[in-house]
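Chemist: Shown below is the structure under consideration.
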Amino acid sequence: MENKVSLTGNKLVVVPQGINKIFAVKGRLEIPLQNIEGATIDNGILNEFRGLKAPGTSIPGFYAGTFRKNNEKTFFNIKRTSMAVVIQLRNEKYTRLVLGVEDGRKLVDEINNVIKI
Numbered sequence: 001m002e003n004k005v006s007l008t009g010n011k012l013v014v015v016p017q018g019i020n021k022i023f024a025v026k027g028r029l030e031i032p033l034q035n036i037e038g039a040t041i042d043n044g045i046l047n048e049f050r051g052l053k054a055p056g057t058s059i060p061g062f063y064a065g066t067f068r069k070n071n072e073k074t075f076f077n078i079k080r081t082s083m084a085v086v087i088q089l090r091n092e093k094y095t096r097l098v099l100g101v102e103d104g105r106k107l108v109d110e111i112n113n114v115i116k117i
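Position 78 of the sequence shown, counted from 1, bears residue number 78 in my numbering, the numbering being contiguous throughout.
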C-alpha cells in the first residue's frame, strides 16, 4: 500500500507509507473537504504523459511526487500495478492527486458520499 488515506473531521488526510515518503518528497497532505470536487478510479491516467517531475521520482512502474503539465500540478504516489484513485481538487496547490491505496473503490465511494456529488 503506497498511501494511508483517511477522512478526518473536515479534511482528507494522505500519508505516504514507508519509503514512499522519501520518493514522493512529501510526508503528509491535508485537503479540506470543501476543496475536493470528486474522486474516480482511472487506471488510464498511468498511461498518459505525467509531465515534468519537480520534485519526485519516476522509475518504470512507480511514480511519486509532484508532476507539472499544462500549468497544473498533480501529486502522484502510485505503482503501475495499483488501482489509480484520482481525486480532483480546487483552490489547492495540486489540481489532482493520483494515489494507490488498499481499497480504491471504497475510498472513492467514501469521498464522493462525504462531499455529496
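The beta-carbon is built from N, C-alpha and C at its ideal position, and this holds for glycine as well.
These numbers were taken from a predicted model, which means no experiment stands behind them.
(1) Assuming N77 and L99 are in contact, meaning their beta carbons sit under 8 Å apart, how far apart are those beta carbons, in whole angstroms?
(2) If you run the structure through DSSP and keep just helix, strand and coil, what is V25?
(3) Name the two residues that bound the continuous beta strand (DSSP E) containing L46.
(4) Tell me the rounded alpha-carbon separation between E37 and I87.
(5) Looking at L89 and N43, is the spacing between their C-beta atoms short of 8 Å?
(6) Take I31 and list the residues in its own chain whose beta-carbon comes closer than 7 Å to its own, dropping the five residues that flank it on each side.
(7) Measure from the alpha carbon of V85 to the alpha carbon of each residue in E110, K26, N71, E72, then state which is nearest.
Modeler: In this structure, then:
(1) 6 Å
(2) Under the three-state reduction of DSSP output, V25 falls in the coil class, being neither helix nor strand.
(3) From DSSP, L46 is part of no beta strand (DSSP E); its letter is neither H nor E.
(4) 8 Å
(5) no
(6) K11, L12, L89, E92
(7) E110
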